[in-house]
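Student: Before we start, here is the structure in question, set down as structure tokens.
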DNA sequence: TCTGCCTAAATTGTAGCCAATATTTTATAC
DNA sequence: GTATAAAATATTGGCTACAATTTAGGCAGA
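Residue numbers (the working numbering), protein chains in the order written: chain W, 4 to 219; chain R, 4 to 219.
Right, here's the structure in full:
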């Protein structure tokens, strides 16, 4: 699937915001016709990962500072509620899945694969939404996490992601105790941390060529 | 635009959930080729207004009771926050726009045009989000209101919408006083009212033919 | 040298065609 | 008469070709 391929590349920061996605070029890379590419680009445009300009083409989206602020404000409203719901419905099996997810994250961080670590960190948040079992919120969170990936590429202040692991561990404790209020509060402050980890005054620009980026 | 045309028909309850949207038929009605129709149907599928089944076609979505519940739960979380934000940023000009919107709603109700009244009622909620100036929340609310239209078609308990006008008037008062807390609370209870106005145990099925429905 | 316009190349937008899959009809057997 | 199976029909899926629009380059004039 070409949507998934492009998404992964975006999540792992293989392609930078602003990169042009020519239909022919993308089609060449994935070995499909322009029809498929077009459909994929429209899907990605709908989730705000690419912006399509009429008669000009599709580009990896470059969220503005305002947009970045709004995305994390939205996450700050929705995710705590969802974390509380997940805590209520938590099972031992789900706890194990979350734990192994965190291990993968650690492994990726240890091996220095920043992109993969970041992508897995988003996956952890998404997993919580899935456990909460609320499809509407899950869809929203999926979209917000995707956009967060672009935002982090543009505005992330520090190079480390260690604060991540700490918060995620704290969340695990709350889930183990099936404590909705704690989960909600930890998630809230975690999102605030992420939000304040952004430097919305200047931008990290690092344009890449599409062909280089997409070695699948 | 064919997307807008289909959307309006859905919002005004001209086409019922479950109705099949044949590509040829839709293309015939709007005078465009199947390529355009396919693109439009995919866009509508992304916003969950139609569901596309592989090799079978596109159908107006039929939200399940669970989905209906979730949509209004999401609205109950997001819209109060947005109403508070709107109250903070409210201007006299915006108040007038909202007021005229309510008048239109009254007029439509008075003339017995239920579909249009419902559509305008949704538009009022959307307008509030636009005034709040938060694009991310506005997009979410737009999607939720769209889906609410289908949900109301399927599960609305009573025939009247008078409770609507009452809550909307109460909101106006809060906006006039620039009172975020009041706006938030009124919106919250308004959404709860809407939610409890649904009868999620049985369904109002009323299939229509597409050609009849789309007298644009 | 810089500005403005005009032409040409490249890229997206749309339409129509053939292939693949689902649905309906019809024929046959029980 | 009913049920099963096979063929015919209709509908969607994907590709290619053509049209429309934008962008880039070059040329002329100031």
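Just so it is clear, CB atoms sit at the ideal spot from N, CA and C, and this is done for glycine as well.
Within 10 Å of its beta-carbon, does residue 194 of chain W have 16 or more other beta-carbons around it, so buried, or fewer, so exposed?
Tutor: Buried is the call here.
Student: Can you name the start and end residues of the beta strand (DSSP E) that residue 1 of chain R belongs to?
Tutor: This structure leaves residue 1 of chain R out entirely; chain R is present only between 4 and 219.
Student: Please identify the residue among R:185, R:172 and R:176 whose C-alpha is closest to the C-alpha of residue 105 of chain R.
Tutor: Of R:185, R:172 and R:176, the residue nearest in Cα terms is R:172.
Student: Give the DSSP-derived three-state secondary structure of residue 203 of chain W in the structure shown.
Tutor: Residue 203 of chain W: coil per DSSP, three-state reduction.
Student: Identify which residue in R:124, R:139 and R:102 has its Cα closest to the Cα of residue 112 of chain R.
Tutor: Measuring from the Cα of residue 112 of chain R, the nearest candidate turns out to be R:124.
Student: On a Cα-Cα basis, can you pick out the residue from R:74, R:70, R:45 and R:73 that is closest to residue 61 of chain R?
Tutor: Nearest C-alpha to residue 61 of chain R: R:45.
Student: Residues of chain R with a CB under 7 Å from the CB of residue 137 of chain W: which are they?
Tutor: Ordered by position in chain R, the residues that pass the 7 Å Cβ test against residue 137 of chain W are 73.
Student: Could you name the residues of the same chain whose beta carbon sits closer than 7 Å to that of residue 120 of chain R, not counting the 5 residues immediately before and after it, in chain order?
Tutor: These residues qualify, in order along the chain: 108, 111, 112 and 164.
Student: Of all the CB atoms in chain W, is at least one closer than 9 Å to the CB of residue 84 of chain R?
Tutor: Yes, contact with chain W.
Student: Quick one: Cα of residue 148 of chain R to Cα of residue 24 of chain R, how far?
Tutor: Computed Cα separation, rounded: 21 Å.
Student: Once DSSP output is grouped into helix, strand and coil, what is the label at residue 79 of chain R?
Tutor: Helix at residue 79 of chain R.
Student: With a 10 Å radius around its C-beta and 16 neighbouring C-beta atoms as the bar for buried, classify residue 96 of chain R as buried or exposed.
Tutor: With fewer than 16 Cβ atoms within 10 Å of its Cβ, residue 96 of chain R is classed as exposed.
Student: Per the contact definition of three or more C-beta pairs closer than 8 Å, is the stretch 45-55 of chain W in contact with the stretch 51-60 of chain R?
Tutor: Contact fails: fewer than three Cβ-Cβ distances are below 8 Å.
Student: DSSP has residue 61 of chain R in a bridge; who is on the other side?
Tutor: Answer by DSSP bridge pairing, in chain order: R:24 and R:55.
Student: Examine chain W for any beta-carbon lying closer than 9 Å to the beta-carbon of residue 188 of chain R, and answer yes or no.
Tutor: No, no contact with chain W.
Student: Any contact between the stretch 68-79 of chain W and the stretch 168-184 of chain W? By contact I mean 3 or more CB pairs, one from each, below 8 Å.
Tutor: The stretch 68-79 of chain W is not in contact with the stretch 168-184 of chain W.
Student: So, are the CB atoms of residue 159 of chain W and residue 129 of chain W less than 9 Å apart?
Tutor: Going by C-beta atoms, residue 159 of chain W is not nearer than 9 Å to residue 129 of chain W.
Student: Quick one: what's got a C-beta closer than 8 Å to residue 5 of chain R's C-beta in the same chain, skipping five residues either side?
Tutor: Once the five neighbours on either side are set aside, the close Cβ partners of residue 5 of chain R are 29, 33, 35, 39, 40 and 43.
Student: How would you call residue 100 of chain W, buried or exposed, if buried means at least 16 neighbouring beta carbons within 10 angstroms?
Tutor: When all chains shown are included, residue 100 of chain W counts as exposed.
Student: So which of R:93, R:81, R:69 and R:55 has the shortest CA-CA distance to residue 179 of chain R?
Tutor: Comparing Cα-Cα distances from residue 179 of chain R to each of R:93, R:81, R:69 and R:55, the minimum goes to R:93.
Student: Within 9 Å (strictly less), CB to CB, does residue 69 of chain W reach chain R?
Tutor: Closer than 9 Å to some Cβ of chain R, the Cβ of residue 69 of chain W qualifies, so yes.
Student: Would you list, in chain order, the members of the stretch 28-44 of chain W that have their beta-carbon closer than 7 Å to a beta-carbon of chain R?
Tutor: Of all residues in the stretch 28-44 of chain W, 42 have a Cβ within less than 7 Å of some Cβ in chain R.
Student: Within 10 angstroms of the Cβ of residue 31 of chain W, are there 16 or more other Cβ atoms? Answer buried if so, exposed if not.
Tutor: That one is exposed.
Student: Find the residues of chain R that neighbour residue 47 of chain W, judging by a C-beta separation of less than 8 Å, and give them in chain order.
Tutor: Per Cβ cutoff of 8 Å: no residues; residue 47 of chain W is ~10 Å from chain R at best.
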